[in-house]
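In what follows, a single structure is set out as C-alpha cells and then discussed.
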Amino acid sequence: MAESDTLTKEEQQIIEEARRRRTFAIISHPDAGKTTLTEKLLLYGGAIHEAGSIRQRKANRYAASDWMAIEKDRGISVTSSVLRFEKDNIKFNLLDTPGHKDFSEDTLRTLVAADTALMVIDVAKGVEEQTEKLFEVCKMREIPIITFVNKCDRPGLEPLEVISNIENQLGIEPIPASWPLGYGKDFQGIYDLIGKKLHLQKKEEHGAKKAETEICDLEEGLEKAILSDHEKDKFREEVMLTEDMFEMMDQEAFLNGKCTPVFFGSALNNFGLDVFLDYFSELANPPQQYQDEESKDRDLANGFSGFVFKMQANMNPDHRDCAAFIRITSGKFERGLEVTESNTGKKVKMSTPHTLMGDERHILEEAYPGDVVSLFNPGSFRIGTTIYSDKPVKFDVIPLFTPEHFMKVSTKDPFKRKQLREGLKQLAEEGVVHVFEVPNGVGNELLLGTVGALQFDVVKHRMATEYNTELHMNAVSYHAARWLAGDKNIIEKLENSYSTHVTKDMEENPIVLFDSAYALSQAEEKVGTENLFKFKQN
Ligand code: GDP
1 MAESDTLTKE
11 EQQIIEEARR
21 RRTFAIISHP
31 DAGKTTLTEK
41 LLLYGGAIHE
51 AGSIRQRKAN
61 RYAASDWMAI
71 EKDRGISVTS
81 SVLRFEKDNI
91 KFNLLDTPGH
101 KDFSEDTLRT
111 LVAADTALMV
121 IDVAKGVEEQ
131 TEKLFEVCKM
141 REIPIITFVN
151 KCDRPGLEPL
161 EVISNIENQL
171 GIEPIPASWP
181 LGYGKDFQGI
191 YDLIGKKLHL
201 QKKEEHGAKK
211 AETEICDLEE
221 GLEKAILSDH
231 EKDKFREEVM
241 LTEDMFEMMD
251 QEAFLNGKCT
261 PVFFGSALNN
271 FGLDVFLDYF
281 SELANPPQQY
291 QDEESKDRDL
301 ANGFSGFVFK
311 MQANMNPDHR
321 DCAAFIRITS
331 GKFERGLEVT
341 ESNTGKKVKM
351 STPHTLMGDE
361 RHILEEAYPG
371 DVVSLFNPGS
381 FRIGTTIYSD
391 KPVKFDVIPL
401 FTPEHFMKVS
411 TKDPFKRKQL
421 REGLKQLAEE
431 GVVHVFEVPN
441 GVGNELLLGT
451 VGALQFDVVK
461 HRMATEYNTE
471 LHMNAVSYHA
481 ARWLAGDKNI
491 IEKLENSYST
501 HVTKDMEENP
511 IVLFDSAYAL
521 SQAEEKVGTE
531 NLFKFKQN
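For the sequence shown, UniProt numbering assigns the number 1 to the initial residue and increments by one for each residue that follows.
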C-alpha cells in the first residue's frame with residue numbers, strides 16, 4: 001500500500017514539510033572561512049542581496065547584552081543560533097556552531113541536532129584539529145558529510161593533495177564533485193564534475209554580489225581560460241581521473257558518513273558557490289527519524305516531539321532568563337501547543353517560541369521536523385530533555401563528551417561553600433561544565449572539566465553574577481579523560497593502575513582521568529578501547 005493511503009492529510013503535510021527541510025551545521029577550524037561561507041550561502045540562497053551584513057550584525061550584537069561581555073572582549077562568538085533561508089522550495093536551517101579555538105560542548109551537541117554536516121577546509125592548511133574533533137561526532141552519529149575546500153584563490157595544496165589529506169587525516173573516502181580550474185592566483189573557475197560543465201568566473205568587488213559566470217563545455221572553456229598548455233593538459237588529466245567518481249559514489253556509504261563529496265571554491269570571491277549550493281540541497285539529508293530510548297525510530301508524522309540540544313542562559317541580564325533550543329523530531333509544532341516533559345511528566349505551554357535569525361527573534365507560529373525553536377526555559381528543561389504533545393516518547397540522543405581541560409575549584413570565601421556546590425550543580429545540569437569530586441588527602445575537592453578552556457570563564461562569570469560567589473581556580477594537568485560504562489571489574493582494574501584516577505560526576509556517571517598519554521595507552525591495553533568512551537550516552 002502506498003504511504004499516502006495510510007496517512008491522514010495532516011500526517012502527509014508533515015512529511016511533505018519535513019522533506020523540504022535541510023538542517024545542517026558547519027564543521028571547520030577557526031579561520032577556514034565558515035562565517036564568509038555562511039554569508040555567501042545566504043547570498044546565493046537569496047536570503048540577502050548583498051554580503052557584508054552578517055559580520056555587521058555580529059558586531060552590533062555585542063552591545064546587546066552584558067553576558068556577552070566575554071564574547072565582546074575576545075571578539076568571538078560563544079553561543080550558537082539558527083540561520084534560516086529558503087531556495088527553490090527547500091528550507092535550510094543552518095545551526096551555527098561557534099568557531100573559536102576554545103570551543104565548547106555546545107558546539108559538539110549542536111551536531112546532534114543536525115542531519116548533515118558541511119565540512120569547510122582551508123586549501124592551504126588541509127584538515128585541522130578542531131575539524132577533526134567535530135568530525136568524530138559526525139562519525140559517531142553516522143550523518144552525511146559534504147566537504148567544501150575553501151580559499152582556492154590562495155596558494156595552497158594542490159587539489160589531489162587535498163583529497164589525500166582528507167582521506168589520511170579522517171579516514172573518510174573523499175569523492176570529488178567539482179574541480180578548480182587553476183589555483184592560487186590562476187584560479188578562474190570550477191568544473192562541475194556532476195553536470196560536466198565548466199563555470200568560468202569573474203571576481204566581483206569584495207564578493208558582495210554573485211560572481212559573473214559563463215557556463216560552457218570543457219574544451220570550449222579551456223580555450224578561453226588563461227592557463228599554459230601544460231596546465232591545461234594537467235587539468236584535463238585530473239578531470240579524466242576524477243570524472244566518474246561521483247556517479248559511482250555508494251549512496252549508502254555517503255548517507256552513513258563513510259564517504260564525502262568534495263567541492264572546491266572560494267567563499268570570499270564567490271567562486272564555485274553556484275555549483276556547490278545546487279548540489280548541496282540535493283545531497284543534504286532531509287530530517288531523519290531519531291531513535292527513542294528503546295532504539296525505535298520515531299516516525300516523522302507521529303505526534304509532536306523534540307529534544308533540547310542547547311541551553312543559553314542570561315541572554316538578557318535584566319531577567320535571569322534561559323533559552324532552551326529544541327530540535328523538532330516529529331509532528332507539527334504550533335504556537336500555544338501544550339507539551340509534556342518526558343522526565344518529569346510536567347506540562348508546559350509553548351506560548352512564546354522563537355526562531356532565531358542571527359540575533360533577531362521572530363515569534364514562530366508553526367514548525368516541522370528539522371526546525372529548531374527556542375523557548376524560555378520553564379524551569380526544568382535540561383540538555384537532552386524530551387518533550388512531546390500526545391504520543392509519549394523519550395530520546396536519549398545527547399551524549400556526554402569527554403572533557404579535555406581541568407581546573408580545581410574553590411571559593412575564596414569559606415562561608416560560600418554551599419553556594420559553590422549549588423551553583424556548580426546547577427551549571428552542570430545545564431551542561432555548562434562537568435563537576436567531579438576528587439580526594440585530596442584530607443577530604444574531597446571539586447574538579448571542573450570542560451571541552452573548551454573558554455568555558456571556565458563562563459563558569460566564573462556566571463558563578464559571580466548569578467550565585468554571588470567568586471571562584472578560585474587552579475589548573476590541573478590531566479592529560480585525558482574517558483567515560484566508563486560502570487562495569488565493576490573495569491573500574492577496579494583502573495583504580496589499581498598507575499597515574500589513573502577513577503571518579504564520578506555530580507550525576508554519578510563514572511569517568512577516568514589520566515595523568516599522561518602513557519597512562520591512557522596502558523589503560524587502553526588493560527581494559528580495551530571499547531570500554532573507554534570519548535562520548536557517553538546517558
Ligand atoms: P571563520 O573563522 O571560519 O568564520 O572564518 P572567516 O569567514 O571569518 O574567514 C577568515 C578569514 O579568511 C577572513 O579574513 C576572510 O576574509 C578570509 N577568507 C574567507 N574565505 C576566503 C577565500 O575564499 N579566499 C581568501 N583569500 N580569503 C578568505
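Using N, Cα and C, we set each Cβ at its ideal position, and we do this for glycine too. A quick note: this is a predicted structure, and the numbers were derived from the prediction, not measured.
On the premise that residue j lies in contact with residue i, defined as a C-beta separation below 8 angstroms, what is that separation, rounded to the nearest angstrom?
i, j, result
"S497", "K526", "7 angstroms"
"I146", "L118", "5 angstroms"
"L37", "V120", "6 angstroms"
"V476", "L520", "With a Cβ gap of about 16 angstroms, V476 and L520 do not count as contacting."
"E167", "E161", "Contact flag wrong, Cβ pair sits at about 11 angstroms."
"A177", "L193", "6 angstroms"
"K15", "A301", "Per the sequence shown, the amino acid found at residue 15 is Ile instead of Lys. Rounded, the Cβ-Cβ distance is 5 angstroms, consistent with contact."
"F406", "Y478", "5 angstroms"
"D371", "I328", "5 angstroms"
"K536", "E136", "K536 to E136, Cβ: 13 angstroms. No contact."
"G33", "D122", "7 angstroms"
"S389", "E338", "7 angstroms"
"T385", "N343", "6 angstroms"
"T503", "I491", "So it is not a contact: roughly 10 angstroms between Cβ atoms."
"I326", "I387", "7 angstroms"
Name, in chain order, the residues that DSSP records as bridge partners for residue i.
i, result
"K347", "T340"
"E437", "L446"
"F307", "R327 and T386"
"L94", "F24 and L83"
"D505", "F436"
"G126", "D122"
"P399", "Q537"
"residue 589", "Summary: the structure shown does not reach residue 589, with the chain confined to residues 1 through 538, and so no result is reported for it."
"L375", "A324"
"S410", "H472"
My output table needs one value for residue i: the three-state DSSP class, helix, strand or coil.
i, result
"N150", "strand"
"S77", "For S77, the predicted structure reports a pLDDT of 38, less than 50, and the residue's modelled location is therefore unreliable. The matter cannot be settled from this model."
"E10", "helix"
"R335", "coil"
"N60", "In this prediction, N60 scores a pLDDT of 43, lower than 50, which makes its location untrustworthy; no coordinate-derived value is stated."
"V393", "coil"
"H230", "helix"
"E212", "strand"
"K202", "strand"
"I145", "strand"
"F415", "helix"
"F235", "helix"
"G427", "First, the residue type needs correcting, since residue 427 is Leu and not Gly in the sequence shown. Residue state, collapsed to three classes: helix."
"E365", "coil"
"A113", "helix"
Inset, instruction - Inspect the CB distances between the segment 208 to 224 and the segment 282 to 292 and report whether three or more fall short of 8 angstroms. - result: Contact between the segment 208 to 224 and the segment 282 to 292 is not established, with fewer than three Cβ pairs separated by less than 8 angstroms.
Inset, instruction - Count the CB pairs spanning the segment 481 to 498 and the segment 391 to 411 that are closer than 8 angstroms, and state whether there are at least three. - result: With a cut-off of 8 angstroms, the segment 391 to 411 and the segment 481 to 498 count as touching, because enough Cβ pairs lie within range.
Inset, instruction - Count the C-beta pairs between the segment 367 to 374 and the segment 328 to 343 that are closer than 8 angstroms, then say yes if the count reaches three, no if not. - result: Yes, they touch.
Legend entry - Unbroken stretches of the beta strand (DSSP E), 3 residues or longer, contained in the segment 164 to 197: For the segment 164 to 197, whole beta strand (DSSP E) runs of length 3 or above, ordered along the chain, are 173 to 176, 178 to 181 and 189 to 192.
Legend entry - Start-end ranges of the beta strand (DSSP E) lying completely within the segment 250 to 302, minimum 3 residues: The beta strand (DSSP E) runs of length 3 or more contained entirely in the segment 250 to 302 are, from start to end of the chain, 259 to 264.
Legend entry - Secondary structure, alpha helix (DSSP H): runs of 4+ residues fully inside the segment 450 to 526: Listed in chain order, the complete alpha helix (DSSP H) runs (minimum 4 residues) inside the segment 450 to 526 are 454 to 466 and 488 to 495.
Legend entry - contact_flag[the segment 387 to 396, the segment 299 to 310] where n(CB pairs < 8 angstroms) is 3 or more: Touching, yes, given that three or more Cβ pairs across the two stretches are closer than 8 angstroms.
Legend entry - At least three beta-carbon pairs within less than 8 angstroms, the segment 9 to 27 to the segment 225 to 243: When C-beta atoms of the segment 9 to 27 are compared with those of the segment 225 to 243, fewer than three pairs fall below 8 angstroms, so the two segments do not count as touching.
Legend entry - Touch test, the segment 207 to 216 against the segment 154 to 164, Cβ-Cβ under 8 angstroms, three pairs minimum: No, they do not touch.
Inset, instruction - Evaluate the contact criterion for the segment 268 to 283 versus the segment 131 to 150: three or more CB pairs, one atom per stretch, below 8 angstroms. - result: Inter-segment contact for the segment 268 to 283 and the segment 131 to 150 is present: three or more beta-carbon pairs are separated by less than 8 angstroms.
Inset, instruction - For the segment 418 to 428 and the segment 448 to 467, state whether three or more C-beta atom pairs, one from each stretch, are separated by less than 8 angstroms. - result: Because the criterion of three Cβ pairs below 8 angstroms is met, the segment 418 to 428 and the segment 448 to 467 touch.
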